[in-house]
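Quick note on my numbering: the sequence shown kicks off at 100 and runs consecutively.
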Amino acid sequence: MKFLEHEAKSVFSENGIPVPKGFLIHSADELAGYLEQLPPEFVLKAQVDVGGRGKAGGILMADRKNGIENAKALFGKSIKGVAVKEILAEERLEIQHEYYASIAVDRSTKEALILFTEEGGVDIEILARERPSAIRRASLPLLMTDIPPFMLRDLLGEAPREAGKVLQSLYTAFCRKDAILAEINPLVATPAGLFAADAKLIVDDNALRRQGISCNRDMTDREREAERHGFSYVELEGNIGVIGNGAGLTMATLDLISFFKGKAANFLDVGGGADQERVMHAVRLVAGVPSVKVIIVNLLGGITRCDEVARGIIAAGISQEVFVRLAGTNEEEGRSLLSERGYRMVGSMEEAVRAAVEAVR
Ligand code: GDP
Ligand code: MN
């Protein structure tokens, strides 16, 4: 789950990284109470989870005179489609230099990948593409509690030694928070020392419970419901709902939809041994997606019994047309249950997908 800038900054600050003094506000009027505590010049930063926020107009310079007016303007905006509900009003830093520092889990080595460059600022992806040698990197086994000094020296180059402390603290925060990414871009040098001017932290979704986070904000309500039922569920852009059992069969269904030039609305794997109840919940869940026009149910009966599946589909009682492909255990019984109720049964997976794609045309 992604933390917002102000949340990531509190975590970084707790771990000893200097951050600018700031206040979180939920309305422009709330700023009035903080004007005395902020320096005469400050920045207003929209707390929205989008990349390139500054360039998209999500950061405004402000002072005591225009602060409230600018905050009003920023609250009225949406940045790349995300409405501004919270603003971080923060001391304006006098930037002398911008560095970049990040720590991520490298899935291939299963180690922490630490990146540092003297050329921080906004576009790290472009720098990585055009001049990868400008980014120094080090790989650290996650069992290590600290970054060894030789590694810090290699990473920092000419940067001030203070940056080593920041990297060390960033690594501590990264480990404590079960993060998959901790990033400071930019880490700025000012006359008063180094500060994390921006902060990004992504906690591993598998560690949310341990981190005391009960609700994953990055998920939609439906994705959360799917998780409760134990479905593997991903929402996509199209209008054909997909329910399958087994990730392979479900993926193959998506491939076939794409082959016939249709667009899947989701991926839902009900898992093995789905009973009537589970199938019903799956069908209702997918039918609840507003864009879904038709649904393909593609299930292979092994431990799963086709008659149970058929009962589940019938019990769901949804309005969209359902194209059902069943094969395997109790197939005949399942088929006749559905046919009796007027469901369109198809012989093969290919037929089901072709019919569904035609139906939405
Ligand atoms: P992002 O666009 O979401 O990455 O937002 P950042 O917080 O990284 O800000 C983008 C850019 O705005 C920074 O690289 C700085 O150049 C500038 N900026 C942000 N905060 C300040 C500040 O306090 N003072 C000054 N002078 N510039 C700032
Ligand atoms: Mn940034």
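Glycine included, every Cβ here is placed at the ideal spot set by N, Cα and C.
query, result
"Can you tell me the Cα-Cα spacing of Lys276 and Val302, whole angstroms?", "6 Å"
"Cβ of Ile194 within 7 Å of any heavy atom in the ligand GDP?", "yes"
"Quick check on the DSSP output: the alpha helix (DSSP H) that includes Val391 runs from which residue to which?", "From DSSP, Val391 is part of no alpha helix (DSSP H); its letter is neither H nor E."
"Does Leu134 come out as helix, strand or coil in the three-state DSSP assignment?", "coil"
"Arg377: which of Val408, Leu239, Gly345 and Ile339 sits nearest, CA to CA?", "Val408"
"Check whether the Cβ of Asp297 lies closer than 7 Å to any heavy atom of the ligand MN, and answer yes or no.", "yes"
"Can you give me the C-alpha to C-alpha distance between Ile395 and Phe422, rounded to a whole angstrom?", "5 Å"
"With the cut-off set at 8 Å, would you say Gln419 and Ala381 are in Cβ contact?", "no"
"Identify the continuous beta strand (DSSP E) that holds Tyr442 and give its terminal residues.", "Segment: none, Tyr442 is in no beta strand (DSSP E) and carries neither H nor E."
"For Arg235, which option in Ile225, Asp245, Met250 and Leu242 has the closest C-alpha, if you only look at C-alpha atoms?", "Met250"
"Quick check on the burial criterion: 16 or more other C-beta atoms within 10 angstroms. Buried or exposed for Leu241?", "exposed"
"Which word fits Met243, buried or exposed, when buried means at least 16 other C-beta atoms lie within 10 angstroms of its C-beta?", "exposed"
"Can you tell me whether DSSP reads Thr216 as helix, strand or coil?", "strand"
"Using beta-carbon positions only, say whether Arg412 and Leu437 come within less than 8 Å of one another.", "For clarity, residue 412 is Ile in the given sequence; the question names Arg instead. Result yes, Cβ atoms of Ile412 and Leu437 sit closer than 8 Å."
"Check whether the Cβ of Glu197 sits closer than 7 Å to any heavy atom of the ligand GDP, and report yes or no.", "yes"
"Hey, could you find the ends of the alpha helix (DSSP H) Ser418 is sitting in?", "Unbroken run through Ser418: none, as it is neither H nor E."
"Under 7 Å from any heavy atom of the ligand GDP, does the C-beta of Ile158 make it?", "yes"
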